[in-house]
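In the working numbering, the protein residues as written are 1 to 262.
Using N, Cα and C, we set each Cβ at its ideal position, and we do this for glycine too.
A short worksheet on the structure shown next.
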Ligand SMILES: Nc1ncnc2c1ncn2[C@@H]1O[C@H](COP(=O)(O)OP(=O)(O)OP(=O)(O)O)[C@@H](O)[C@H]1O
Ligand SMILES: [Mg+2]
């Protein structure tokens, strides 16, 4: 039991209210897991907690990444260590271009010392030309217009463009564990295929993926090894791809009664 990401009996409170009530999950590199579950069951809370969002207080339990607890690590340290989150609602940052944001993030990941003292890591790290080529290559694969590199991050991006921008970040930053919070929401069918292909291209022995979703359709393209059902702040059922079909036809109400708590 030494997965690359190990979540042990995690309890998390937000503003004094307990939201996660004993979440346990193990994700190894090379695996794809899906988390489904009703609105408000705690899926985004889990993703935010994983990344170290300061509002989410871990009251008990632990998160181990590569065998070590990350609870004391700041968000940027977690990102540099190889955790990545694609947000359910990516925020716009007017004034910061997508290209310069991504280059700073990549430099922080590949040359952590370059970003110390709170300065933007512009001196060391990837040379500008090499970075532009890398960005162009991945943008072409995601069928994104190159002009996005010079636009402000997520500012005026359509819903689908924001989600593609998240995948582009993932492609360039090459995390070891990525959690995608409803990256499929708001994508039209072509974009869904492109984004799924992007994830499939990235997944492999060096990457573990957690896909949070409400819809089966993305699971037709991204094949999860396991599907978990989150309810009331815990994983209450785990199964193979067939579980998603059952949820689609039967909803979530039966989960606890028949499968029981675990
Ligand atoms: N920052 C916050 N402040 C206050 N309440 C919060 C915060 N984050 C989460 N919550 C509460 O925690 C509960 C779980 O929310 P969460 O966003 O994790 O659900 P979810 O499973 O992601 O739902 P959805 O499927 O709708 O995205 C909700 O009742 C929500 O209001
Ligand atoms: Mg959510």
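Kindly identify the DSSP beta-bridge partner or partners of residue 239.
-> 227
Selected residue, minimal CA-CA separation from residue 179, among 211, 216, 222 = 211
Distance cut-off 7 angstroms: residue 182 Cβ against heavy atoms of ligand 2 | yes
Would you mind working out which of 144, 52, 174, 13 sits nearest residue 263, comparing C-alpha positions?
-> Outside the shown range of the chain (1 to 262) lies residue 263, about which nothing can therefore be said.
Residue from 36, 41, 4 whose Cα sits closest to the Cα of residue 219 | 36
Have a look at 32, 5, 46 and flag the residue whose alpha-carbon is nearest the alpha-carbon of residue 12.
-> 46
The beta strand (DSSP E) enclosing residue 60, as first and last residue numbers | 56 to 65
Going by other Cβ atoms of all chains shown within 10 Å of its Cβ, with 16 needed for buried, is residue 56 buried or exposed?
-> buried
Any idea what DSSP makes of residue 125, helix, strand or coil?
-> coil
Whole angstroms is fine: what's the gap from residue 302's alpha carbon to residue 32's?
-> Only positions 1 to 262 of the chain appear in the structure, and residue 302 is not among them; the question remains open.
Kindly list the residues whose CB is nearer than 6 angstroms to the CB of residue 9, restricted to its own chain and excluding five residues on each side of it in sequence; keep chain order.
-> 22, 24, 61
Which one or two residues does DSSP pair with residue 84 in a beta bridge?
-> 178
If you run the structure through DSSP and keep just helix, strand and coil, what is residue 91?
-> coil
Tell whether a beta-carbon distance below 8 angstroms holds between residue 148 and residue 139.
-> yes
Length of the line joining the Cα atoms of residue 83 and residue 158 = 26 angstroms
At what residues does the alpha helix (DSSP H) containing residue 193 begin and finish?
-> 189 to 202
Short check: CB of residue 110 to CB of residue 125, under 8 angstroms?
-> yes
Can you find a heavy atom of ligand 2 that lies under 7 angstroms from the Cβ of residue 231?
-> no
Sequence-ordered residues whose beta carbon comes within less than 5 angstroms of a heavy atom of ligand 1 | 14, 19, 39, 40, 41, 42, 43, 44, 45, 55
Residue 26 - containing alpha helix (DSSP H), residue span = Run containing residue 26: none in the alpha helix (DSSP H); it sits in the beta strand (DSSP E), 17 to 27.
Does DSSP put residue 68 in a helix, a strand or coil?
-> strand
For residue 234, three-class secondary structure by DSSP | strand
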